[in-house]
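First to last, the sequence lines map onto chains D and E. 1453 is the number of the first residue of the first sequence in the numbering used here; add one for each residue after it. 1066 is the number of the first residue of the second sequence in the numbering used here; add one for each residue after it. A short write-up of the structure that comes next.
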Amino acid sequence: MRPIWVLAVNTYKEVIRDRILYALLLFAILLIGLSLALGQLSFAEQARISANFGLSAIHLSAVVLAIFVGSNLVSKEIEKKTILTILVRPISRLQFILGKALGLGLLILTMILGLAVVLTLIFLGLGLSVNVRLGLVLLGLLAEAMVLLGFTLVFSMFTKPLLVVCFSVGLFLIGHWQSSLSFFAQKSQGGILVPVSWLVSTFLPNLERLNWKSLVIYDVPLDGYAKMLSLTYAFSWFAVCVVLATLLFKRKDVG
Amino acid sequence: MNLLQVSGLTKSYKKGFIPRRTLVLRGLDFSVPAGKVTGFLGANGAGKTTTMRCVLGLDYADSGEVLFFGQPLAVETKKRIGFLPERPYFYEHLTGIEFLEFYANLSASWNKSVLRDKIGQLLKRVDLDFAKDRLLRNYSKGMLQKIGLAQALIHDPEIVILDEPMSGLDPDGRLALAEIIQETAKRGTAVFFSSHLMHDTERLCERLVVIKGGTCLYEGTTEALLDRSGVDFEIIYLVGGQKQSRRISSQDDVQSSLREILSAGATVLEVRRHRLSLEEIFVRMALRSGGVA
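Quick look at the structure:
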C-alpha cells in the first residue's frame, strides 16, 4: 500500500503545481459565477437555473481533469522516461497504475470540494438549502470522473494522448446518451441501431446512472439504495478498467 | 559471488510502418561480481541500453535468463538494486530533498529523522547540499546527473546500474561523478556502468564487458585485456643531428629495426615501451571483429 500512496502523493503534487490546473479552476469559478447572472434572466426559476449551471460547471471541470490529465498520466511518464526510475523500485505495474489513478482521483476530489465551497456560498446567497443531497450529487460526479479516468487509462495503454482524449470524450457522450440511443433503437423497428444499442449498453458504462443533479435542482425523492447500487456500478467499471489497463501495461516495453 | 548473471539474453524490436523485427541482443552472456566496478563497453547501437532495460525488467527479453543474487528479478529483489538511466528526466516539480524522499519512500519505509539525515549526507556526498531546496527544473545537466546518482544510492543498494552516467558532462562533472562512483565501490556496492568514454572507463573499472552487435566480445579484468592486447615500442634516434622516432607494434621487430637504424649511422637515444590504451584496444577489437563494436 505504501508505494501506491507515495506515487499518489507525487502525482497529486505534480498536477497541483501545474498552471493548467489553475486555468481550469478559474474557468470553472467563472462558469459558476455566470450561473448567477444566467439565473437572473429568469423570474421564477433563478435558483434552479443557477444550481443547474453551477453543478454542470463542476461536472465539466471534473470530466476535463479526468480525461485531459488522465490521458497523459502514464504516457508522459513513458515519454519523459521518468517511469524507468520508478519501475526499477520495489513496485509492481498494478501498484503503479493504482498510484497514478489514486493521485489524480484525490486531485479531482479536491477540485470538486473547492468548487463546491464556491457553489455553496452562491446557494446560501440565493436562499437555497444546502444539505446532504448536494454531497450526494458531488459524489456522483466524482464516481463518473473515476470511471472516465479508468477508461482513459485503458486507452492510453495502446494509443497516443490525442486519440485517448478523442476516445474518452466519445465515451463520455455515449455514456450520457445511452437512454436516447435505446429509445431510438426501440422506435427503429430493426436495422443497425438495435445491435449498436445492445453493444453500447452491454460493454460501455451508462454515466447517466451517476447523474444525480435532479436531487438538488428538482428536489426529486432520494433513493439511497439505488444510489448505493450506482456507486457499486461505477466502482466495478473502474476496477475492470484498472485490471485491463494493468494487463496491457504488463505486456508493454517501457524502455 | 556474482550479483548479476545474464545468460543467453536475446531481444528484438518491431520497427517501421510495416513492422520488421530487428535483432538487438543475440544471446548475450556476462556477469557482474560483488564489490567491483564493472564497465560495459560498446559503440552506439551495440545494445548496451537495451541490455540494461531487459536486465531490469523494463523491456521484456525474447529469451535468456537474468539472475540477481541468484534469483530471477522480483519486486523484493529490486530493493537491493539502484539504477540511473541514460539522459535522466526527473520530476521537475520536486525540490532536491522532495525528489530523494520520493525515491527513498518508494523503496522502503523510513523513520522521518533517519531519512532526513540520510538525504542530508547523500546531498553532501554528491555536492548538492546548496541546491537541496531548489526545484529540479532549475538544475543544470551535471546537477541532474548527480541527483540521479543520489536517487540510485538512497536505499543503499548492493548493486548500482548506471547507463552512460558521464555522457554530456564537462571534464569537471565527469571527474566529480567518477569520484562518487569510486567512493561507492569502496563502500562495497557493485557498480555496473555503461560508457563509450574509454579514458574514464579505463581509470574506473576493474572489470570490463565489451559487446558488439548484441554479443559479448570480451569479459574479464581490465588489466588482463590491456596485457593481452600487447604493447607498442618506440625507438628514438638521432640522425644527421635531427631527432626521429619509429613505432613498432611487435616485440620481434625491435631487434631488426635497431640493427637497421644503427647500420644507417644513426645514434639510438631511447627505446620506449608503450602499453596500448583501452581506446586503441577497443578500436582494434572492433576492426578485428568487423566494423565498430
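Beta carbons: idealized from backbone N, C-alpha and C, even for Gly. Treat the numbers as computed from the prediction; the structure is a model and nothing was measured.
Can you give me the Cβ contacts of residue i inside the same chain, cut-off strictly under 7 angstroms, excluding the 5 residues immediately before and after it?
i: D/L1662; result: G1592, A1595, E1596, S1682 and A1686
i: E/T1087; result: S1077, Y1078 and K1080
i: D/Q1621; result: Going by the sequence as given, residue 1621 of chain D is Val instead of Gln. Answer for D/V1621: I1519, listed in chain order.
i: E/V1357; result: Interpretation of E/V1357 is limited by its pLDDT of 45, a score under 50 that renders its predicted location unreliable; no figure is taken from the coordinates.
i: E/D1127; result: T1075, K1076 and S1077
i: D/G1707; result: L1536
i: D/W1689; result: V1599, G1602 and P1657
i: D/S1653; result: Q1630 and S1634
i: D/N1524; result: P1613
i: E/K1144; result: S1172, A1173 and H1220
Going by Cα to Cα distance, which pick from the options is closest to residue i?
i: E/V1191; options: E/N1176, E/K1177, E/Q1210 and E/F1082; result: E/Q1210
i: D/A1479; options: D/Y1670, D/R1469 and D/V1516; result: Contrary to the premise, residue 1479 of chain D reads as Phe rather than Ala in this sequence. Of the listed residues, the one whose Cα sits closest to D/F1479 is D/V1516.
i: E/K1308; options: E/I1326, E/A1196, E/V1102 and E/S1315; result: E/I1326
i: E/L1159; options: E/G1147, E/A1196 and E/A1126; result: E/A1196
i: E/Q1216; options: E/L1138, E/I1146 and E/E1248; result: E/I1146
i: E/T1254; options: E/E1223, E/V1120 and E/I1300; result: E/E1223
i: E/S1072; options: E/R1239, E/Q1136 and E/G1110; result: E/Q1136
i: E/L1240; options: E/K1251, E/I1219 and E/T1266; result: E/T1266
i: D/W1457; options: D/N1504, D/A1553 and D/L1659; result: D/A1553
i: E/V1140; options: D/E1529, D/E1531, D/S1527 and D/L1546; result: D/L1546
i: E/M1066; options: E/S1232, E/G1207, E/M1208 and E/P1098; result: E/P1098
i: E/V1304; options: E/S1328, E/D1318, E/S1178 and E/R1293; result: E/S1328
i: E/S1322; options: E/L1343, E/E1299 and E/R1338; result: E/E1299
i: E/E1166; options: E/R1152, E/P1153 and E/Q1186; result: E/Q1186
i: E/R1252; options: E/V1102, E/Q1316 and E/L1068; result: E/V1102
i: D/S1513; options: D/L1539, D/T1604 and D/I1560; result: D/I1560
i: D/I1510; options: D/L1490, D/G1522 and D/G1485; result: D/G1485
What in chain E is Cβ-close to residue i, meaning under 8 angstroms?
i: D/T1534; result: Y1154, F1155 and Y1156
i: D/L1471; result: Contrary to the premise, residue 1471 of chain D reads as Arg rather than Leu in this sequence. By Cβ distance, chain E contributes nothing, its closest Cβ being about 11 angstroms from D/R1471, past 8 angstroms.
i: D/V1458; result: F1167, N1170 and L1171
i: D/N1462; result: Y1156, L1159 and F1167
Mind checking if residue i is an interface residue toward chain D, Cβ cutoff 8 angstroms exclusive?
i: E/D1359; result: In the structure as shown, chain E begins at 1066 and stops at 1358. Residue 1359 of chain E is therefore absent and cannot be evaluated.
i: E/L1165; result: no
i: E/P1150; result: yes
i: E/N1170; result: yes
i: E/K1143; result: yes
i: E/Q1070; result: no
i: E/S1260; result: no
i: E/S1032; result: Within the shown structure, residues of chain E are numbered from 1066 to 1358, placing residue 1032 of chain E beyond reach of any answer.
i: E/S1128; result: no
i: E/Q1216; result: yes
i: E/S1321; result: no
i: E/S1174; result: yes
i: E/A1358; result: With a pLDDT of 48 at E/A1358, under the threshold of 50, the modelled position of this residue cannot be trusted; read the value that follows with caution. So, not an interface residue.
Can you pull the chain D residues whose beta carbon is under 8 angstroms from the beta carbon of residue i, in chain order?
i: E/V1140; result: P1542, I1543 and S1544
i: E/Q1210; result: The premise fails here: E/Q1210 is roughly 13 angstroms from chain D at the closest Cβ pair, so nothing lies under 8 angstroms.
Taking the CB atoms as reference points, tell me whether residue i and residue j lie closer together than 8 angstroms.
i: D/T1463; j: D/L1556; result: yes
i: E/L1188; j: E/G1161; result: yes
i: E/I1276; j: E/G1112; result: yes
i: E/L1334; j: E/I1313; result: no
i: E/I1246; j: E/L1269; result: yes
i: E/L1290; j: E/R1340; result: no
i: D/L1507; j: D/V1570; result: no
i: E/S1174; j: D/R1541; result: no
i: E/P1150; j: E/D1221; result: no
i: D/V1582; j: D/T1572; result: yes
i: D/A1637; j: D/L1625; result: no
i: E/T1114; j: E/L1093; result: no
Does the CB of residue i have a neighbour CB from chain E at under 8 angstroms?
i: D/T1698; result: no
i: D/D1455; result: Looking at the sequence provided, one finds Pro at residue 1455 of chain D rather than Asp. It does: the Cβ of D/P1455 has a partner Cβ on chain E nearer than 8 angstroms.
i: D/I1530; result: no
i: D/K1465; result: yes
i: D/T1654; result: no
i: D/T1537; result: yes
i: D/W1689; result: no
Whose C-beta lies closer than 6 angstroms to the C-beta of residue i among residues of the same chain, with five residues either side of it excluded?
i: E/E1284; result: F1095 and V1274
i: E/E1130; result: S1072
Name the chain E residues that come within less than 7 angstroms of residue i, Cβ to Cβ?
i: D/G1707; result: R1118, L1123 and D1124
i: D/T1710; result: The requested residue 1710 of chain D is not part of the displayed model; chain D covers only 1453 to 1707.
List the residues of chain D whose Cβ lies closer than 7 angstroms to the Cβ of residue i, in chain order.
i: E/I1146; result: V1540
By the criterion of Cβ-Cβ separation under 9 angstroms, what are the contact partners of residue i in chain E?
i: D/E1660; result: Under the 9 angstroms cutoff, chain E gives no residues; its nearest Cβ is about 37 angstroms from D/E1660.
Take residue i and list the residues in its own chain whose beta-carbon comes closer than 8 angstroms to its own, dropping the five residues that flank it on each side.
i: E/L1234; result: K1206, G1207, Q1210 and L1242
i: E/R1311; result: E1299, I1300, Y1302, S1322 and I1326
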